[in-house]
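2 protein chains.
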Amino acid sequence: MTDEETLHNAGIRITAVRLMIWKQIRHGFNSVFSLYDLEEAMPTVDRSTLFRTLTLFSDAHLLHNVDDGSGSQKYCVCHHDDTRHCLGHVHLTCVKCHKTFCLNNVTIPPVTLPEGFIPEETEYVVKGICGHCSTKPH
Amino acid sequence: MTDEETLHNAGIRITAVRLMIWKQIRHGFNSVFSLYDLEEAMPTVDRSTLFRTLTLFSDAHLLHNVDDGSGSQKYCVCHHDDTRHCLGHVHLTCVKCHKTFCLNNVTIPPVTLPEGFIPEETEYVVKGICGHCSTKPH
DNA sequence: TGATATTTGCAACTGGGTTGCACTTTTATG
DNA sequence: CATAAAAGTGCAACCCAGTTGCAAATATCA
Chain A
678 MTDEETLHNA
688 GIRITAVRLM
698 IWKQIRHGFN
708 SVFSLYDLEE
718 AMPTVDRSTL
728 FRTLTLFSDA
738 HLLHNVDDGS
748 GSQKYCVCHH
758 DDTRHCLGHV
768 HLTCVKCHKT
778 FCLNNVTIPP
788 VTLPEGFIPE
798 ETEYVVKGIC
808 GHCSTKPH
Chain B
678 MTDEETLHNA
688 GIRITAVRLM
698 IWKQIRHGFN
708 SVFSLYDLEE
718 AMPTVDRSTL
728 FRTLTLFSDA
738 HLLHNVDDGS
748 GSQKYCVCHH
758 DDTRHCLGHV
768 HLTCVKCHKT
778 FCLNNVTIPP
788 VTLPEGFIPE
798 ETEYVVKGIC
808 GHCSTKPH
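Sequence order for the protein chains is A and B.
Mind the numbering: the first sequence is residues 678 to 815 in our numbering, read in order.
Mind the numbering: the second sequence is residues 678 to 815 in our numbering, read in order.
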């Protein structure tokens, strides 16, 4: 599936800017990224446009919002091929390099919720020191 | 254990303001609270003092920092009697009333982490509609 | 009691996110 | 193709929660 098809299938109108942003997201980041990361990578595009485009992609379920507890909103590409909403997966946040990684293959273990609580979304974040930072102490 | 003893045992110097803040936290909130909640409840104390005191209490493990994905830092009282660091427990966030609740009796189920990753803290947040909001639709 | 250290309040600043509005681009229609 | 309507974009300004520098107030110690 081409990038154009991906956007089109998600019901998103294609523009030059949006295609650029999508390609950057798709091919330019290896893990979770923030609005600030995107700003750094695409200085020619205005922050508000990036912000609105991220919101658009997120609403269209092309991206998944991640709260990693860093205080700033993070995003990652949904790797599920089906049209259903992404199921939550576990995220790791490194307290040294401040990068966040998806464990795409690890689904969140369920817990028993109190009666009457209707769950919508689950976030599971492990903070610690990532393999890269733990083997190469600075 | 009196409030004075609690602070003293945590290695915190006792002042009138700190004691007031601790009593408010301990007896004035029924669940997780934010800096803003504390500001509302104690308008005579300056925000920076509240902030610094929260940080102090948190460092002394009297409070537990909670990231509920709302974008603002939340805190809850550590209910563990031992001196060890609080083990993580599950939090529920209501997307309607924006309150966050602790499931003190539910510990976070572990997941298998990639080799080399050294975990320090785990956050498990379920977003949804709480019992109160789901039974009383507005 | 006077000197020193700690705490507190005020004000100002930061950073990430968000919005109003004018300008530009795209799309639809005659 | 011309042109009106709709949608997208950039700029600037704003908002909010959190954070910090500094001076005044308070507590501690010799």
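Don't be surprised by glycine CBs; every beta carbon is placed ideally from N, CA and C.
All values derive from a computational prediction rather than experimental measurement.
Reference residue i, options the options, closest by Cα
| i | options | result |
| --- | --- | --- |
| G808/B | P796/B, K776/B and V788/B | K776/B |
| N781/A | G765/A, G705/A, C771/A and F794/A | G765/A |
| E700/A | D680/A, G746/A and D745/A | Note on residue identity: the sequence assigns Lys, not Glu, to residue 700/A. When each option's Cα is compared against that of K700/A, the closest is D680/A. |
| P720/A | G688/A, L769/A and V694/A | V694/A |
| S725/A | I691/A, E682/A, C755/A and I698/A | I698/A |
| I795/A | C810/B, G705/B and F706/B | C810/B |
| Y713/B | L696/B, T770/B, S747/B and T692/B | S747/B |
| E792/A | I806/B, F706/B and E792/B | I806/B |
Beta-carbon proximity list for residue i, same chain, < 7 Å, skipping 5 on both sides
| i | result |
| --- | --- |
| V783/B | H766 and V767 |
| C779/B | S708, V709, C753, H766 and H768 |
| H762/A | Confidence in H762/A is poor, its pLDDT being 43 and thus under 50, which makes the residue's placement unreliable; the coordinate value appears in the next sentence. Result list for H762/A: H738, in chain order. |
| I691/B | E681, L684 and H685 |
Beta-carbon proximity list for residue i, same chain, < 6 Å, skipping 5 on both sides
| i | result |
| --- | --- |
| A709/A | The displayed chain sequence assigns Val, not Ala, to residue 709/A. Correct list, in chain order: V743, K751, C753 and T777. |
| T812/A | none |
| S735/A | N742 |
| V772/B | K804 |
| S749/B | S711 |
Residue i, DSSP secondary structure in three states
| i | result |
| --- | --- |
| C753/B | strand |
| H704/A | helix |
| T789/A | coil |
| L739/B | coil |
| C807/B | coil |
| F794/B | coil |
| V694/B | helix |
| S725/B | helix |
| H775/B | coil |
| T732/A | helix |
| T683/B | helix |
Whole-angstrom C-beta distance between residue j and residue i, which should lie under 8 Å
| i | j | result |
| --- | --- | --- |
| E717/B | L727/B | No, E717/B and L727/B are not in contact; Cβ-Cβ is about 11 Å, not under 8 Å. |
| V788/A | P787/B | Rounded, the Cβ-Cβ distance is 12 Å, inconsistent with contact. |
Cβ shell of residue i (< 8 Å), same chain only, five flanking positions each side left out
| i | result |
| --- | --- |
| L739/B | T683, L684, A687, I689, W699, V754 and C755 |
| C774/B | C807, H809 and C810 |
Is there contact between the segment 796-805 of chain A and the segment 714-731 of chain A, where contact requires at least three CB pairs shorter than 8 Å?
Under the three-pair Cβ rule at 8 Å, the segment 796-805 of chain A does not count as touching the segment 714-731 of chain A.
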